[in-house]
Structure formats: structure tokens, C-alpha cells
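Novice: Counting from 1, position 64 in the sequence shown corresponds to residue 260 in my numbering; the numbering is continuous, with no gaps. Cβ coordinates follow ideal geometry from the N, Cα and C atoms, glycine included. In this text the structure is predicted, and so the values were computed from the model without any measurement. Got a structure here, written out as C-alpha cells. Questions coming.
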Amino acid sequence: YAQAEKESLALLKDHPLPGDAIEIRYVLSNVYNSWKKMAQCEEQLAAVLKIDPSNATANNDLGYIWADQGKNLPQAEEMIKKALELDRQQRRRLPGGAAVKDNAAYVDSLGWVLFRRGQIAEARRELERAAALPDGDDPVIWDHLGDVYQHLRLLSQARTAWEKAVQLYEQENRRNKDDRYREVKRKLESVTAGTR
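See the structure below:
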């Protein structure tokens, strides 16, 4: 991570134009996110949004990161909804864009921020919608859905969602050793043992 940070910062100095800076800062935000340096990650995403407030990805990602940490939740929800609307506008301009579905990752982010805000029914609706979208086969979506079901004491549905999350993590060999995977496995073992 330190080497990636060093190279990204050097690239920022060599490529100060806004378009280049957006791309480099976005990469740097991912480095910091993976490195668990969340303040620096947030700083880079905020810098992207300062250059381009209509950047759907940066709006979604910063909103999601805040939601995941349980902070700035009203602003996080606003940013995620903005990301969804910006993405819809961009998709409509594509050939066949009127028929294109929402981005499942953005819908997941909305569901997650709603869950964090205590709006459980709304969170369930959005997370079930995210899981049903064509690109809804992301283990994080299914993990979040399992958390909502567990909160609602729908343990059978929580177990099914977490099983799906584990299955998807295991299909992605690069991700199956990360902290999220281990946490989902722990939740699944706990609910299977009847302790959740």
C-alpha cells in the first residue's frame, strides 16, 4: 500500500489536469480503503467531488463509506440518491438506455444507509431489489441483506442470504480471504448454531 500511495502521489504531481486528477485520486482512494485508512480515503473522494460534484461513483462511494462507519448518515443518503439519479441520467443517454436497470452497487449503498438510519423496511426493499438486479451477484449485497433479515429475526432468510454471500466470495478467489468474508462466515456459523 505504501508503494501504491507513493506512486499515486507522484502521478498527481505530474498530472495536475482535472480529468487526470480525478482518476488518480479515485485510485488513491481505493488504496487507502484497502489499507483501512478511511480518513485519507474520504479525503480523496471529497477531492474528486470538489473537481466534479456530478461524479456518480464518487458520490456513491463516499456515501457508502460514511454509511458503513455509521457517520454523516443524512448526507450519505443524499449523496447515494444523487449517485443513483446521475447514473440513471447517464444510462438513459446510451443506446437502449431506457431499459437499463439501476446499478446494483448503488442500490445496495442506498439500502445500507437506510439500514444504518433505522429504516429497516425501506432497507429491506432496496437490498432485495439490489440482489434481484442483473449485477446483484455481489457478496456484499447478500451480506447486507442477511444483516437486515437477522435484524428482523428472519433467521432462515438471513442464513440463506449469508450462504449466498459466502458462495459468491468463494467464487472470487481473490476476495475470499478478506475481513468481510471471515465476518460473513462467522455470522453464518452463529445463525446456523442458533445463537443469533
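The alpha helix (DSSP H) with GLU368 in it runs from where to where?
Specialist: Here the question's residue 368 lines up with position 172 in the sequence shown. Unbroken run through GLU368: none, as it is neither H nor E.
Novice: When you compare each of ARG313, TRP358, GLN286, ARG320 to SER250 by their alpha carbons, which one comes out closest?
Specialist: As a first step, residue 250 must be located in the sequence shown, where it is residue number 54. Ranking ARG313, TRP358, GLN286, ARG320 by Cα distance to SER250 puts GLN286 first.
Novice: Helix, strand or coil for LEU350, going by three-state DSSP, please let me know.
Specialist: Taking the first residue of the sequence shown as 1, we reach residue 350 at position 154. In the structure shown, LEU350 sits in coil (DSSP, three-state: anything other than H, G, I, E or B).
Novice: Taking the alpha carbon of LEU306 as the point to measure from, which residue in LYS277, GLY332, ALA317 has its own alpha carbon closest?
Specialist: Within the sequence shown, residue 306 is the residue found at index 110, counting from 1. For LEU306, the nearest C-alpha among the options comes from LYS277.
Novice: Under 7 angstroms, Cβ to Cβ, is there at least one residue of chain D near VAL296?
Specialist: Absence of chain D from the displayed structure is noted, only one protein chain being present.
Novice: Terminal residues of the continuous alpha helix (DSSP H) containing TYR228?
Specialist: By 1-based counting over the sequence shown, the position of residue 228 is 32. That run of the alpha helix (DSSP H) goes 214-230.
Novice: Provide the residue span of the alpha helix (DSSP H) that contains ARG325, from first to last.
Specialist: Taking the first residue of the sequence shown as position 1, residue 325 is located at position 129. That run of the alpha helix (DSSP H) goes 316-328.
Novice: By how many angstroms is the C-alpha of ASP210 removed from the C-alpha of ALA319?
Specialist: In the sequence shown, residue 319 corresponds to position 123, counting from 1. In the sequence shown, residue 210 corresponds to position 14, counting from 1. Roughly 43 angstroms between the two C-alpha positions.
Novice: Would DSSP call LEU290 helix, strand or coil?
Specialist: Your numbering for residue 290 matches position 94 in the sequence shown. In this structure, LEU290 counts as coil in the three-state DSSP scheme.
Novice: What separation, rounded to the nearest whole angstrom, lies between the Cα atoms of VAL303 and VAL223?
Specialist: What you label residue 303 is simply residue 107 of the sequence shown in a count that begins at 1. What you label residue 223 is simply residue 27 of the sequence shown in a count that begins at 1. Rounded to whole angstroms, VAL303 to VAL223 spans 22 angstroms at the Cα level.
Novice: Give me the Cα-Cα distance between VAL244 and PRO214, rounded to the nearest whole angstrom.
Specialist: The residue given as residue 244 occupies position 48 in the sequence shown. The residue given as residue 214 occupies position 18 in the sequence shown. Each residue's Cα considered, the two are about 9 angstroms apart.
Novice: Mapping DSSP to helix, strand and coil, what is HIS211?
Specialist: The sequence position of residue 211 within the sequence shown is 15, counting from 1. In the structure shown, HIS211 sits in coil (DSSP, three-state: anything other than H, G, I, E or B).
Novice: Here's the rule: buried if 16 or more other CB atoms are within 10 angstroms of the residue's CB, otherwise exposed. What is GLN199?
Specialist: Within the sequence shown, the letter at position 3 stands for residue 199. Result: exposed.
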